[in-house]
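If you read the protein sequences in the order shown, they are chains E and W.
To convert, count from 1 in the first sequence and add 3; that's this note's numbering.
To convert, count from 1 in the second sequence and add 3; that's this note's numbering.
Glycine residues also receive a C-beta, built at the ideal position from the N, C-alpha and C atoms.
This structure is a prediction, so every number in the text was calculated from the model and none was measured.
Protein chains: 2
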Amino acid sequence: MKEKDWTIIDVLRHARHDWMNDIQLIKGFLALNKIDEAARAADHIIVKAVQEAKLCNLGMPGMAEMFITFNWEKHKFLLEFEINDEIVIEKVDDQLVTRFFQSIFSLLDRHISQYSGQHVYTEFFEKEGRLAVRIEWDGELVDRSRLIEQILQLLQSDAMYGEIMKSDDQDILIEVNF
Amino acid sequence: MKEKDWTIIDVLRHARHDWMNDIQLIKGFLALNKIDEAARAADHIIVKAVQEAKLCNLGMPGMAEMFITFNWEKHKFLLEFEINDEIVIEKVDDQLVTRFFQSIFSLLDRHISQYSGQHVYTEFFEKEGRLAVRIEWDGELVDRSRLIEQILQLLQSDAMYGEIMKSDDQDILIEVNF
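Written out as structure tokens, the structure reads:
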């Protein structure tokens, strides 16, 4: 499921590359004397970094590493995450949660026909003292009913409670509580 | 010699912290409408990142990791490095070079009485197809003659050729060819 074992140097190389793109954007605005746009780009970088810091502070290093490196690997979608404020949760099994995400992302990879720059959105929040996550994909799928079936199977675990909240023509929204 | 085993999450946390400081600096200039200063700060960030990328591209991941994480550990000095353009070298033993730097930095740590924000400068270059480095410290030292002796001992290795180029009252300049 895991594409590769990331080394520190690999991670820094990719992070630096992303970081350079962000800085180049700011430089571009400055060259055009667009000071407000430059400030907004800087704010956007800070928001991203704060989200990443929150992810790293959940006490789940395996999951954090997986999420941060995901978009540097070859997948059919981009992964986006948002961590709601004030998540105070009991201890969660990092490995179990990481494996769950690996499985569900792997299913999505198999049922998305080709990469088109679309995102899978994940939103972490607290629900009755436990970690909860919403996972959403809004796009075309290959053999959608088989995917739904496989997701339902994956959710049949004692270690979590999950359900498919919505699944219309395109949209799939899953909520899982660990 | 190595202070800790760095995890990917630790490294990202520290790198993110440094980047945030850099971005805050740009934001500060933008808030004061100092567009040239903001652009210069952005350029400075890019120069740092290019140097780090060059370090990572030397094919010596152990040394690169050590240099990049060094200033995140507790030492008596800050480590600065510069990689000259166009270093094309034969294969160098990464472990051997990393151990050499660990030893020499550890010696310096022991002979600098206290942290005062001063840098040890290292400059990598190519010399007759081999990797060479200059290491320079300009500051006070405790038991300086003992330090010189220990550095000379360290340089007595078949795997490298090194000498102390200059050592006056304060300054120590060492050149090593691997």
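**Message:** Just checking: is the beta-carbon of W:T10 within a distance shorter than 8 Å of some beta-carbon in chain E?
**Reply:** Translated into the one-based positions of the second sequence, residue 10 of chain W becomes position 7. Chain E, which has a Cβ nearer than 8 Å to the Cβ of W:T10, makes this yes.
**Item:** Proximity to E:D141 [Cα-Cα], best of E:Q121, E:S160, E:F108, E:E152
**Value:** Here residue 141 of chain E corresponds to residue number 138 of the first sequence, with the count starting at 1. With distances taken between Cα atoms, E:D141 lies closest to E:Q121.
**Asked** Are the region 95-113 of chain W and the region 63-78 of chain W in contact at 8 Å, needing three or more beta carbon pairs?
**Response** yes
**Item:** Under 8 Å between C-beta atoms of W:Y118 and W:K79
**Value:** For the purposes of this step, residue 118 of chain W is identified with residue 115 of the second sequence, where counting begins at 1. For the purposes of this step, residue 79 of chain W is identified with residue 76 of the second sequence, where counting begins at 1. Yes, the pair counts as a contact, with Cβ atoms nearer than the cut-off.
**Prompt:** Cα separation between E:L58 and W:T10?
**Reply:** Sequence index remark: in the first sequence, residue 58 of chain E carries index 55 (1-based). Sequence index remark: in the second sequence, residue 10 of chain W carries index 7 (1-based). Cα to Cα, E:L58 sits roughly 15 Å from W:T10.
**Item:** Partners in chain W for E:K30, counting only beta-carbon separations shorter than 7 Å
**Value:** Taking the first residue of the first sequence as 1, we reach residue 30 of chain E at position 27. Under the 7 Å cutoff, chain W gives A42, A45.
**Prompt:** Which ranges would you report for the beta strand (DSSP E) in the region 61-102 of chain W if only whole runs of at least 3 residues count?
**Reply:** 81-86
**Request:** Please report the Cβ distance between E:W75 and E:H114, rounded to the nearest whole angstrom; I am assuming they are in contact, meaning their Cβ atoms lie under 8 Å.
**Result:** Here residue 75 of chain E corresponds to residue number 72 of the first sequence, with the count starting at 1. Here residue 114 of chain E corresponds to residue number 111 of the first sequence, with the count starting at 1. Between E:H114 and E:W75 the Cβ distance is about 22 Å, and since that is not below 8 Å, they are no contact.
**Prompt:** What are the partner residues of W:L111, as DSSP defines its beta bridges?
**Reply:** Reading the second sequence from its first residue, position 108 is the one you call residue 111 of chain W. Looking at the DSSP assignment, W:L111 forms no beta bridge with any residue, so it has no partner.
**Message:** Taking the beta carbon of E:R149 as the centre, do at least 16 other beta carbons fall within 10 Å, making it buried, or is it exposed?
**Reply:** In the first sequence, the residue the question calls residue 149 of chain E occupies position 146. Exposed, by the Cβ-count rule.
**Request:** Return helix, strand or coil for W:V123, following the three-state DSSP convention.
**Result:** The sequence position of residue 123 of chain W within the second sequence is 120, counting from 1. Strand, per DSSP.
**Prompt:** Using a Cβ-Cβ cut-off of 6 Å (strictly less than) and excluding sequence neighbours within five positions of E:L134, which residues of its own chain qualify?
**Reply:** Reading the first sequence from its first residue, position 131 is the one you call residue 134 of chain E. So the qualifying residues of the chain are I92, V95, F181.
**Request:** Identify every residue that forms a DSSP beta bridge with W:G165.
**Result:** On the second sequence, position 162 is the one that residue 165 of chain W refers to. Bridge partners of W:G165: W:V179.
**Asked** So, is the C-beta of W:V14 closer than 8 Å to a C-beta in chain C?
**Response** Absent from the structure is chain C; the protein chains it does hold are E and W.
**Message:** Using only the alpha-carbon positions, how far apart do W:I167 and W:G31 sit?
**Reply:** Looking up residue 167 of chain W in the second sequence gives position 164. Looking up residue 31 of chain W in the second sequence gives position 28. Between W:I167 and W:G31, the C-alpha separation is close to 43 Å.
**Message:** Tell me which residues share the same chain as E:I2 and place their Cβ nearer than 7 Å to its Cβ, disregarding the 5 neighbours each side in the sequence.
**Reply:** Outside the shown range of chain E (4 to 181) lies residue 2 of chain E, about which nothing can therefore be said.
**Prompt:** Residues bridged to W:S160 by DSSP?
**Reply:** The residue given as residue 160 of chain W occupies position 157 in the second sequence. Answer is none; W:S160 lacks a bridge partner.
**Reference E:A162; option with closest CA among E:L110, E:F103, E:G62** = Walking along the first sequence from the start, residue 162 of chain E turns up at place 159. For E:A162, the nearest C-alpha among the options comes from E:F103.
**Asked** To the nearest whole angstrom, what separates the beta carbons of W:V257 and E:V14, a pair I think is in contact under 8 Å?
**Response** Chain W is shown only over 4 to 181; residue 257 of chain W falls outside these bounds and no answer can be derived.
**Request:** Starting from the Cα of E:I151, find the closest Cα among E:I138, E:E83, E:I175, E:L33 and give me that residue.
**Result:** Within the first sequence, numbered from 1, the residue matching residue 151 of chain E stands at position 148. That would be E:I175, whose Cα lies nearest to the Cα of E:I151.
**Asked** Assuming W:I90 and W:L61 make a contact with CB atoms under 8 Å, what is their CB distance in whole Å?
**Response** Here the question's residue 90 of chain W lines up with position 87 in the second sequence. Here the question's residue 61 of chain W lines up with position 58 in the second sequence. That belief holds up - the Cβ atoms of W:I90 and W:L61 are roughly 7 Å apart, short of 8 Å.
**Item:** Reduced DSSP category for E:L144 - H, G, I as helix; E, B as strand; rest coil
**Value:** Counting from one through the first sequence, the residue named residue 144 of chain E turns up at place 141. Coil, per DSSP.
**Request:** Can you grab the Cα-Cα spacing for the pair E:K169 / W:E126, in whole Å?
**Result:** Here residue 169 of chain E is taken as the residue at index 166 of the first sequence, counted from 1. Here residue 126 of chain W is taken as the residue at index 123 of the second sequence, counted from 1. Rounded to whole angstroms, E:K169 to W:E126 spans 59 Å at the Cα level.
**Item:** Whole-number beta carbon distance between W:I29 and W:A41, since they are thought to touch under 8 Å
**Value:** Reading the second sequence from its first residue, position 38 is the one you call residue 41 of chain W. Reading the second sequence from its first residue, position 26 is the one you call residue 29 of chain W. About 5 Å separates the two Cβ atoms, so the contact holds.
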